[in-house]
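There are 2 protein chains.
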Amino acid sequence: MKTLVVIGHPELADSETQPFLKQVGKDWATFHELEAPFDIATEQQLIWQAERLILQFPLYWYSVPALMKQWLDEVFDEELLGPHHDRLVKKELGVVVSLGRPIREFQSGQRQAFTIDEYLRPLQGLALATKMKWLSPLVVSQFAYQSDTARQKLAVAYQQYLSLPQPVRFKDRVAWLTRQLATMQTNTKDTVAQQELQQLAALLSMKQEQLDDLNDNLRLVRETEGY
Amino acid sequence: MKTLVVIGHPELADSETQPFLKQVGKDWATFHELEAPFDIATEQQLIWQAERLILQFPLYWYSVPALMKQWLDEVFDEELLGPHHDRLVKKELGVVVSLGRPIREFQSGQRQAFTIDEYLRPLQGLALATKMKWLSPLVVSQFAYQSDTARQKLAVAYQQYLSLPQPVRFKDRVAWLTRQLATMQTNTKDTVAQQELQQLAALLSMKQEQLDDLNDNLRLVRETEGY
Numbered sequence: 019m020k021t022l023v024v025i026g027h028p029e030l031a032d033s034e035t036q037p038f039l040k041q042v043g044k045d046w047a048t049f050h051e052l053e054a055p056f057d058i059a060t061e062q063q064l065i066w067q068a069e070r071l072i073l074q075f076p077l078y079w080y081s082v083p084a085l086m087k088q089w090l091d092e093v094f095d096e097e098l099l100g101p102h103h104d105r106l107v108k109k110e111l112g113v114v115v116s117l118g119r120p121i122r123e124f125q126s127g128q129r130q131a132f133t134i135d136e137y138l139r140p141l142q143g144l145a146l147a148t149k150m151k152w153l154s155p156l157v158v159s160q161f162a163y164q165s166d167t168a169r170q171k172l173a174v175a176y177q178q179y180l181s182l183p184q185p186v187r188f189k190d191r192v193a194w195l196t197r198q199l200a201t202m203q204t205n206t207k208d209t210v211a212q213q214e215l216q217q218l219a220a221l222l223s224m225k226q227e228q229l230d231d232l233n234d235n236l237r238l239v240r241e242t243e244g245y
Numbered sequence: 019m020k021t022l023v024v025i026g027h028p029e030l031a032d033s034e035t036q037p038f039l040k041q042v043g044k045d046w047a048t049f050h051e052l053e054a055p056f057d058i059a060t061e062q063q064l065i066w067q068a069e070r071l072i073l074q075f076p077l078y079w080y081s082v083p084a085l086m087k088q089w090l091d092e093v094f095d096e097e098l099l100g101p102h103h104d105r106l107v108k109k110e111l112g113v114v115v116s117l118g119r120p121i122r123e124f125q126s127g128q129r130q131a132f133t134i135d136e137y138l139r140p141l142q143g144l145a146l147a148t149k150m151k152w153l154s155p156l157v158v159s160q161f162a163y164q165s166d167t168a169r170q171k172l173a174v175a176y177q178q179y180l181s182l183p184q185p186v187r188f189k190d191r192v193a194w195l196t197r198q199l200a201t202m203q204t205n206t207k208d209t210v211a212q213q214e215l216q217q218l219a220a221l222l223s224m225k226q227e228q229l230d231d232l233n234d235n236l237r238l239v240r241e242t243e244g245y
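Those protein sequences? They're chains A and B, same order as listed.
Last residue of the first sequence: 245 in the working numbering, with the numbers rising by one and none dropped.
Last residue of the second sequence: 245 in the working numbering, with the numbers rising by one and none dropped.
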């Protein structure tokens, strides 16, 4: 999976969120930080080479910052789409959006009144018009106030968002974690840590087998009952 | 009603729609054509002086062009809103959006998949966050293909959008038309045209009286029937 993360942040130097995401995501994607003016041909090459395109930005007035809108307005032209509007077909379009307000406010009757999905309709429309597959957005809510645990969870969710087939199946998440544990085991020289990682991997594998058994039984019951 | 029309069009010289709207709207509003970079203080003064703020732009990738987004990102700051976020209270926020595609495509199951209302949620969110009154958007669909009659209707709808209380009541539309006919009558020196305008005004007035009578009767019936 060739993933391109396009970062549209007009004040990148002041961002806490973006360096964190880049650090935890650097082995999983190519990062491209937008700076105007754009060389259109170069930008279009980057997009054509990617399989999954992620637009990553802070929500400014409920949409992409002007910098990213400029990039969309200039780069997404007839040349990029091609004469038959099929050059982006089979590519995927994802969004990683960071919020300065709590996610719970994005709901009817709450302060931000509409959901993130509703506010991002223009990008969903872009995916439809360019025949890209739209991925459910990954929301980073008030990163500055997140605990270390929340940030660790975010790191995993982000790495999976960059690399796993979407929408993610539980089984893929488990397989992904198993691979990660194996890699960590190989990379560490601490024998205690190695043993712990091995135990974790074994536990995960056992749980997955139990789950598979349950699923098999469920299927049998369904067949027997004629559902 | 002090109406400020802010035009965010990156290629104004190529637009057919914008000069038309400016021509028919010039007696009804102040027109402000955006050009970056912005002098923030001047822009904010313009907004504070207005009672009705109209964002007027062509829909680019289902949202405002980058130029207008830059203006929103830079001008709508804490200073504009004030320490208690109440400096824009009681002002109105309207949108005049021009489309390159037919309006009928903006619907579920059609090519643009979502409605204009859905695509404009970010601006509606802006109105809510700044405590401005949101006005139903005025949509200009494929101006280039519009007949003269359609353009005349658009001119009236536009002038009313700039000047009448919103949402518009039928009675206000009629009163507005009556005033327009009177003004035209005063301004023309052609006696035949004067007579025709007078007849039109009389007809309009008579129809309004009939409608008032009908409404009175309806109210009576309702009261008698105890509704």
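Glycine is no exception: its CB is placed at the ideal position from the N, C-alpha and C atoms.
Buried or exposed, going by whether 16 or more other CB atoms sit within 10 Å of the CB of residue 103 (chain A)? Along the first sequence, one-based indexing puts residue 103 (chain A) at 85. Looking at its Cβ environment, which holds fewer than 16 other Cβ atoms inside 10 Å, residue 103 (chain A) is exposed.
Straight-line Cα distance separating residue 221 (chain A) from residue 106 (chain A): To locate residue 106 (chain A), count along the first sequence from 1; it is residue 88. To locate residue 221 (chain A), count along the first sequence from 1; it is residue 203. Whole-angstrom Cα-Cα distance: 41 Å.
Whole alpha helix (DSSP H) runs in the region 153-214 of chain B with 4 or more residues, listed along the chain? 166-181 and 188-205
DSSP three-state call for residue 246 (chain B): helix, strand or coil? The question about residue 246 (chain B) has no answer, for chain B in this structure spans 19 to 245.
Residue-chain proximity (residue 151 (chain B), chain A), Cβ-Cβ < 8 Å: Here residue 151 (chain B) is taken as the residue at index 133 of the second sequence, counted from 1. It does not: the Cβ of residue 151 (chain B) has no partner Cβ on chain A nearer than 8 Å.
Terminal residues of the continuous beta strand (DSSP E) containing residue 22 (chain A)? Indexing the first sequence from 1 puts residue 22 (chain A) at position 4. It spans 21-25 - the beta strand (DSSP E) in which residue 22 (chain A) sits, taken as one unbroken run.
Hey, is residue 49 (chain A) close to the ligand FMN, as in C-beta under 7 Å from one of its heavy atoms? As presented, the structure is devoid of all ligands, the ligand FMN included, so that no description of it is given.
Pull out every residue of the region 87-112 of chain A whose Cβ sits closer than 7 Å to any Cβ of chain B, in chain order. 87, 88, 90, 91 and 94
With which residues is residue 70 (chain A) paired in a DSSP beta bridge? Position 52 of the first sequence, counted from the start, is the residue given in the question as residue 70 (chain A). Per DSSP, A:21 and A:110.
Can you confirm whether the region 143-162 of chain B touches the region 148-166 of chain A when touching is taken to mean that 3 or more C-beta pairs between the two stretches lie within less than 8 Å? no
I want to verify the contact list: residues of chain A whose CB lies under 7 Å from the CB of residue 146 (chain B), in sequence order. For the purposes of this step, residue 146 (chain B) is taken as the residue at position 128 of the second sequence. What residue 146 (chain B) touches in chain A: 131.
Per-residue burial, residue 70 (chain A) [other beta carbons within 10 Å of its own, 16 or more giving buried]: Along the first sequence, one-based indexing puts residue 70 (chain A) at 52. With 16 or more other Cβ atoms within 10 Å, it is buried.
Hey, how far is the Cα of residue 139 (chain A) from the Cα of residue 216 (chain B)? Here residue 139 (chain A) refers to the residue found at position 121 of the first sequence. Here residue 216 (chain B) refers to the residue found at position 198 of the second sequence. Taking the straight line joining both Cα atoms gives about 50 Å.
Under 8 Å, Cβ to Cβ, is there at least one residue of chain A near residue 81 (chain B)? What you label residue 81 (chain B) is simply residue 63 of the second sequence in a count that begins at 1. Interface residue, yes.
Identity of the residues DSSP links to residue 151 (chain A) by a beta bridge: The count along the first sequence starts at 1 and reaches residue 151 (chain A) at position 133. According to DSSP, which records beta bridges pairwise, residue 151 (chain A) is partnered with A:110.
Can you tell me whether residue 118 (chain B) is buried or exposed, with buried defined as 16 or more other CB within 10 angstroms of its CB? Here residue 118 (chain B) corresponds to residue number 100 of the second sequence, with the count starting at 1. Exposed: under 16 other Cβ atoms inside 10 Å.
Can you find at least 3 beta carbon pairs, one from the region 173-186 of chain B and one from the region 38-47 of chain B, that sit closer than 8 Å? yes
Along chain B, which residues have their Cβ under 8 Å away from the Cβ of residue 139 (chain A)? In the first sequence, the residue the question calls residue 139 (chain A) occupies position 121. The answer, in chain order, is 80, 132, 136, 137 and 139.
Assuming residue 21 (chain A) contacts residue 72 (chain A) (C-beta within less than 8 Å), just tell me the rounded distance between them. The residue you call residue 21 (chain A) lines up with position 3 of the first sequence. The residue you call residue 72 (chain A) lines up with position 54 of the first sequence. Right, their Cβ atoms sit about 6 Å apart.
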